[in-house]
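In the numbering used here, the protein residues as written are 515 to 653.
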């Protein structure tokens, strides 16, 4: 079963998908956030193309664990996405995923231009990888 992950931003939405066995995350194209209906249409297409049967969205909770305005927007979006896409949609604590993505890109020596293009995708991959690891049986 493939899982689609999103790093939802005001301007761009990073996306990643798992391999069929749920071990690794692969980055996908970044979706421009041009209104809810456009985003829903793009996500329907992405789900169809990737055969995603589940979705996880990064939940931008505050560093102290409280739910701020951005996290509230994501939580309000979850039932709408479930209805539109017809698949289960979960959230995953994304604290520090963008910072981790930036650190990885700096370590790789990417230019600022490339960092901007890849940061949303990499953040979605980090969210998905954390989610996938949480689903694995504990040793």
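Beta carbons: idealized from backbone N, C-alpha and C, even for Gly.
Considering only their Cβ atoms, is the gap separating residue j from residue i smaller than 8 Å?
{"i": "residue 572", "j": "residue 634", "result": "no"}
{"i": "residue 574", "j": "residue 588", "result": "yes"}
{"i": "residue 569", "j": "residue 518", "result": "yes"}
{"i": "residue 542", "j": "residue 599", "result": "no"}
{"i": "residue 547", "j": "residue 563", "result": "no"}
{"i": "residue 577", "j": "residue 609", "result": "yes"}
So what does DSSP say about residue i, is it helix, strand or coil?
{"i": "residue 625", "result": "coil"}
{"i": "residue 605", "result": "strand"}
{"i": "residue 524", "result": "coil"}
{"i": "residue 575", "result": "coil"}
{"i": "residue 515", "result": "coil"}
{"i": "residue 570", "result": "strand"}
{"i": "residue 600", "result": "coil"}
{"i": "residue 646", "result": "helix"}
{"i": "residue 652", "result": "coil"}
{"i": "residue 580", "result": "coil"}
{"i": "residue 636", "result": "helix"}
Taking the beta carbon of residue i as the centre, do at least 16 other beta carbons fall within 10 Å, making it buried, or is it exposed?
{"i": "residue 528", "result": "buried"}
{"i": "residue 632", "result": "buried"}
{"i": "residue 641", "result": "buried"}
{"i": "residue 515", "result": "exposed"}
{"i": "residue 580", "result": "exposed"}
Identify the residues that DSSP records as bridge partners of residue i: which are they?
{"i": "residue 541", "result": "530"}
{"i": "residue 546", "result": "526"}
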